[in-house]
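In the working numbering, the protein residues as written are 252 to 588.
From the three backbone atoms N, C-alpha and C, an ideal C-beta is built for every residue, glycine too.
Worksheet: one structure, shown below.
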Ligand code: DGY
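See below:
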């Protein structure tokens with residue numbers, strides 16, 4: 252049997268790279284930065300598999316150039332960077348890495364909630380800028396309490412559920428909005444109530460977004476939605492940047508239509524140095540690191556490697572994004588090892 256040829260667009264741990272190499276001929280991008288589209292097109296022509304991350308946009312053109320591709324395995328839970336319908340039409344298995352990053356991301360959403368409520372990044376900058384002159388001030392850096400407040404969760408999937416679970420110690424009122432309503436049992440266990448989006452926006456003190464980026468969720472939060480929020484509300488986004496209309500967010504934060512925000516994701520990443528968000532003091536900014544724990548990131552690389560190898564073994568990959576692909580190309584036809 253011919254060994255499968257694989258292109259890996261980013262540095263992965265040696266353990267996974269060696270595992271891949273034991274079954275496949277592997278070409279890797281060893282640079283810190285993502286390969287350009289032209290580079291991917293050049294590399295993909297003779298490859299059976301692609302191991303990539305959310306940093307590469309795997310569009311129609313790239314997929315068409317990868318005429319031998321059988322699998323695209325992404326080291327990410329989100330797959331909005333891949334043209335999944337085009338891949339499905341061409342019989343390419345698309346896989347992702349859900350579950351493994353639930354805890355790290357839910358923890359980080361909470362880090363942003365606390366930072367936004369208590370102005371931690373603003374206070375940190377204040378001290379580093381050597382502006383701390385009075386030892387203690389009664390009204391210095393007043394923030395908002397979290398205990399007993401209302402937490403609105405948009406998207407009650409794995410991560411949204413993790414965020415809800417972590418609120419227990421804060422004895423919060425929990426509400427959620429999702430296109431698919433959770434079972435009564437799940438609602439009762441979490442102590443969470445379903446609310447239409449408008450109600451959630453009006454009643455929440457903290458709003459945390461946990462939906463995937465799709466055409467339906469793009470700009471889900473824009474000018475009108477900010478107007479519905481409380482002036483004391485905080486918006487947290489660890490999902491995907493384009494779910495929040497960035498211009499609308501900038502004016503809501505500037506005009507204090509809402510009190511603050513915590514963002515790990517942006518419309519364009521990395522953000523431009525002149526992005527007005529950088530100047531806003533009522534915003535905690537992180538560079539897309541919600542899943543960045545050693546455990547999650549290694550687990551993601553491991554899961555993505557297993558997904559890819561499974562396809563070459565003709566076995567069902569643990570995390571298949573496009574099960575319809577099996578109607579186009581059966582797993583027996585992808586078996587190469
Ligand atoms: C994902 O896996 O989609 C996350 O955004 C990575 O941090």
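Checklist entry - Just to check, is the beta-carbon of residue 261 closer than 7 Å to a non-hydrogen atom of the ligand DGY? => result Answer for residue 261: no, Cβ out of range of the ligand DGY.
Checklist entry - What span of residues does the beta strand (DSSP E) with residue 498 cover, start to end? => result Per DSSP, residue 498 belongs to no beta strand (DSSP E); it is in the alpha helix (DSSP H), 497 to 505.
Next on the checklist: Using a Cβ-Cβ cutoff of less than 7 Å, which residues in the same chain neighbour residue 557 once the five nearest sequence positions on both sides are dropped?
Outcome noted: The answer, listed in chain order, is 569.
Checklist entry - Do residue 509 and residue 495 have their CB atoms nearer than 8 Å? => result Cβ distance not < 8 Å, so residue 509 and residue 495 don't count as in contact.
Item to check | Per-residue DSSP class, three states only, for residue 510 | outcome: Note: residue 510 maps to coil in three-state DSSP.
Checklist entry - Is residue 418 near the ligand DGY, judged by its Cβ being under 7 Å from some heavy atom? => result Residue 418 has its Cβ no nearer than 7 Å to any heavy atom of the ligand DGY.
Checklist entry - Taking 7 Å as the cut-off, does the CB of residue 549 come closer than this to any heavy atom belonging to the ligand DGY? => result For the ligand DGY, not one heavy atom lies less than 7 Å from the Cβ of residue 549.
Checklist entry - According to DSSP, is residue 375 helix, strand or coil? => result Note: residue 375 maps to helix in three-state DSSP.
Next on the checklist: If contacts are defined as beta-carbon pairs under 8 Å, then residue 402 and residue 455 qualify, I think. What distance do you get, rounded to the angstrom?
Outcome noted: 7 Å between Cβ atoms; contact.
Next on the checklist: Just to check my reading of the structure: residue 309 and residue 303 have Cβ atoms closer than 8 Å, yes? What is that Cβ distance to the nearest angstrom?
Outcome noted: A Cβ-Cβ distance of about 6 Å is found for the pair residue 309 and residue 303, placing them in contact under the 8 Å criterion.
Item to check | Candidates 550, 484 and 330: closest to residue 364 by CA position | outcome: The option with the nearest alpha carbon to residue 364 is 484.
Checklist entry - Any chance the CB of residue 461 is under 7 Å from a heavy atom of the ligand DGY? => result The answer is no for residue 461.
Item to check | Same chain, Cβ closer than 6 Å to residue 301, five either side skipped, listed in chain order | outcome: Only 258 and 323 meet the Cβ criterion.
Item to check | Segment contact, 8 Å Cβ cut-off, at least three pairs: the stretch 440 to 460 with the stretch 395 to 409 | outcome: These segments touch.
Checklist entry - Is residue 554 buried or exposed, if buried means 16 or more other CB atoms sit within 10 Å of its CB? => result Counting Cβ neighbours within 10 Å, residue 554 comes out buried, since at least 16 surround it.
Checklist entry - Is the beta carbon of residue 314 sitting closer than 8 Å to the one on residue 292? => result Result no, Cβ atoms of residue 314 and residue 292 do not sit closer than 8 Å.
Checklist entry - Does the stretch 459 to 479 touch the stretch 432 to 440, meaning 3 or more C-beta pairs lie closer than 8 Å? => result No: fewer than three Cβ pairs fall under 8 Å.
Checklist entry - Distance, Cα to Cα, residue 399 vs residue 528? => result Roughly 30 Å separates the two Cα atoms.
Item to check | Ranges of the alpha helix (DSSP H) found wholly within the stretch 282 to 307, counting only runs of at least 4 | outcome: With a minimum length of 4 residues, the continuous alpha helix (DSSP H) runs that stay inside the stretch 282 to 307 are 288 to 295.
Next on the checklist: If distances are taken between C-alpha atoms only, which option among 548, 476, 384 and 270 comes closest to residue 352?
Outcome noted: Out of 548, 476, 384 and 270, 548 has the C-alpha closest to the C-alpha of residue 352.
Item to check | Completely contained alpha helix (DSSP H) runs for the stretch 349 to 435, where each covers 4 or more residues | outcome: As for any alpha helix (DSSP H) of minimum length 4 sitting wholly inside the stretch 349 to 435, the runs are 353 to 369, 371 to 379 and 409 to 417, ordered along the chain.
Next on the checklist: Between the alpha carbons of residue 545 and residue 539, how many angstroms are there, rounded?
Outcome noted: Taking the straight line from one Cα to the other gives about 15 Å.
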